[in-house]
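Undergrad: Each residue of the sequence shown is one higher than the last, beginning at 1 in the working numbering. Let me give you the structure first, and then I'll get to my questions.
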Amino acid sequence: MPGPEELRALRGAVAELMAKADGDCWDDLAAMGLLGLLVPEEYGGAGAGPVEVGVVAEELGRVLFAGPYLSTAVLAVNLLAALGDSAECDAVLPAIAAGTKRVAVAFAEGHSTRPPAEPATSARGDGAPLVTGAKRFVLDADSADLLYVLAAADTGPGVFAVDPAGPGVTVEPVTTVDASRRLCAVRFTDAPATAVGTPGRGVEAVTVALDRSAVALLGEQAGAARRAMEMARDYAKTRYQFGRAIGSFQAVKHMCADMLLEAESTVSAARHVAAAAADGSVGWLADLALAQAYCSDAFVFVGATNIQVHGGIGFTWEHPAHRYLRRARGDAHLFGSPSWHRERYLHEIGA
């Protein structure tokens, strides 16, 4: 695990890049090695782990980064690691690290953002399977060069590689509360596909990948919550009413204090889970489930309270405060709802 000085240097480098960023700065992220942070060294990456990714995610969360970092550099890489398909890793991971390939993972169906135990989407055919079905809430599918699709097959649920620009594939962006987080609906009609990984292990592999990737999502939530708290704090110190800074009023003090507690607790939870995941600690999945529930609710609270502290200007489209609440609402359900995570926590501890 890297030392404190290395993590501080990484955090500072990412923060500096984000301060100067124009657009999604994808090439800059690749040049810094951030897209290949989780990619093993033999495939051109850094071979880093959850702690380093958590640091990067916090800085990306602070600016509500809109590029497909979570979908490509985190979720897709974790999925390939879980699948253990060396040929696919050879073909895809170096391109991800170099920033020349963007990958999306399509697994959710119906109204749930969790992978189904029995996917309705199917992949049928000997040798050259054809995928038919529909996926929802596919992160960054509209900018992806490759899709990994969870689908039922004769050997059990598996993961299949599909070209999103190929025949039988329709990608439609979905309007959501958070315009900076691109979610899509993807339909497949006899779309040519290639099986990836061990047949029948698709649900297990996607679940493992989501768990490992949730570390980055927690980091994003923590970084964004802390930034929203800072926005409210700074405004309360500089906005004057009745000849006094509004931060001197007791009601505003209480709101800022509550935001500080929730934001800092979110940071602590995210970093604890990242360290536990890196160490492979016993029971880290229970910690993850509880942190996902807590961080989701805390980020929503901080985002909403930030708007309240700002008063009338916080409700305007031009002010960025609403963007943090929108991201909070979306993140709270991205990898499962808070209530789902609480149920999982109880299951993990045997309650």
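Glycine is no exception: its CB is placed at the ideal position from the N, C-alpha and C atoms.
Using the Cβ count rule (16 or more neighbours within 10 Å means buried), how would you classify valine 282?
TA: With fewer than 16 other Cβ atoms within 10 Å, it is exposed.
Undergrad: Per DSSP, what kind of secondary structure is arginine 181 in: helix, strand or coil?
TA: Three-state DSSP puts arginine 181 in coil, outside helix and strand.
Undergrad: Is valine 51 near alanine 304, with beta carbons less than 7 angstroms apart?
TA: It is not a contact, given that the beta carbons lie outside the stated cut-off.
Undergrad: So does the region 98 to 106 actually touch the region 138 to 158, counting three or more Cβ pairs closer than 8 angstroms?
TA: Touching, yes.
Undergrad: Spell out a yes or no on whether the region 80 to 89 and the region 241 to 250 are touching, meaning 3 or more CB-CB pairs, one atom from each, closer than 8 angstroms.
TA: Touching, no.
Undergrad: In chain order, what are the residue ranges of uninterrupted beta strand (DSSP E) at least 3 long that sit wholly in the region 53 to 116?
TA: Taking only runs of at least 3 residues, the beta strand (DSSP E) segments lying wholly in the region 53 to 116 are 103 to 106.
Undergrad: Alpha carbon to alpha carbon, what distance is there between asparagine 78 and arginine 326?
TA: Cα to Cα, the separation comes out at about 27 angstroms.
Undergrad: The alpha helix (DSSP H) with leucine 147 in it runs from where to where?
TA: That residue, leucine 147, is in no alpha helix (DSSP H); its beta strand (DSSP E) goes 146 to 151.
Undergrad: So, do the region 181 to 193 and the region 210 to 219 have three or more beta carbon pairs nearer to each other than 8 angstroms?
TA: Output reads no: the region 210 to 219 does not touch the region 181 to 193.
Undergrad: Which residues does DSSP pair with leucine 34 in a beta bridge?
TA: Note: leucine 34 sits in no beta bridge, so no partner.
Undergrad: Taking just the CA atoms, how far does glycine 33 sit from leucine 64?
TA: Approximately 20 angstroms between the Cα atoms of the pair.
Undergrad: Let me know if cysteine 240 comes out buried or exposed under the rule of 16 or more other beta-carbons within 10 Å of its beta-carbon.
TA: This sequence places tyrosine at residue 240; cysteine is not what is there. Looking at its Cβ environment, which holds fewer than 16 other Cβ atoms inside 10 Å, tyrosine 240 is exposed.
Undergrad: Relative to the alpha-carbon of glycine 219, which residue among Ala161, Pro40, Asp279, Ala57 has its alpha-carbon at the smallest distance?
TA: Nearest C-alpha to glycine 219: Ala57.
Undergrad: Using DSSP bridges, identify the partner residues of tyrosine 324.
TA: According to DSSP, tyrosine 324 bridges with nothing at all.
Undergrad: Throw me the rounded Cβ distance for the arginine 344 and alanine 289 pair, which I believe falls under 8 angstroms.
TA: Indeed, because the Cβ distance is near 4 angstroms, the residues count as touching under 8 angstroms.
Undergrad: How far does the beta strand (DSSP E) with serine 265 in it reach, from first residue to last?
TA: Element bounds for serine 265: not the beta strand (DSSP E) but the alpha helix (DSSP H), 250 to 279.
Undergrad: Looking at C-alpha atoms only, which residue of Asp22, Ala46, Gly44, Trp26 is the closest neighbour of proline 68?
TA: The shortest C-alpha separation from proline 68 is found at Trp26.
Undergrad: Grouping DSSP H, G and I as helix and E and B as strand, with all else coil, what is phenylalanine 242?
TA: In this structure, phenylalanine 242 counts as coil in the three-state DSSP scheme.
Undergrad: Check the C-beta distance from valine 267 over to alanine 222 and give it rounded, since I have them as a contact under 8 angstroms.
TA: With a Cβ gap of about 4 angstroms, valine 267 and alanine 222 count as contacting.
Undergrad: Drop a sphere of 10 angstroms on the beta-carbon of arginine 227, count the other beta-carbons inside from all chains shown, and report buried for 16 or more, exposed for fewer.
TA: Answer is buried; the Cβ neighbour count reaches 16.
Undergrad: Give the single residue among Ala351, Thr194, Asp234 whose Cα lies nearest to the Cα of leucine 130.
TA: For leucine 130, the nearest C-alpha among the options comes from Thr194.
Undergrad: Pick from Ala81, Ser71, Gly61, Glu59: whose alpha carbon is nearest that of glycine 47?
TA: Ranking Ala81, Ser71, Gly61, Glu59 by Cα distance to glycine 47 puts Ala81 first.
Undergrad: For leucine 334, is the classification buried or exposed, using 16 other Cβ atoms within 10 angstroms of its Cβ as the cut-off for buried?
TA: Buried, by the Cβ-count rule.
Undergrad: Roughly how many angstroms separate the alpha carbons of threonine 175 and glycine 45, rounded to a whole number?
TA: When rounded, the distance between both Cα atoms is 34 angstroms.
Undergrad: Given that a residue counts as buried once 16 or more other Cβ atoms are within 10 Å of its Cβ, and exposed if not, what is isoleucine 313?
TA: Isoleucine 313 is exposed by the Cβ-count criterion.
Undergrad: Tell me where the alpha helix (DSSP H) around threonine 170 begins and ends.
TA: Segment 169 to 174 is the beta strand (DSSP E) holding threonine 170; no alpha helix (DSSP H) there.
Undergrad: Taking leucine 38 as the reference, which of Ala73, Gly311, Ala225 has the closest Cα?
TA: Taking only the C-alpha atoms, the option nearest leucine 38 is Ala73.
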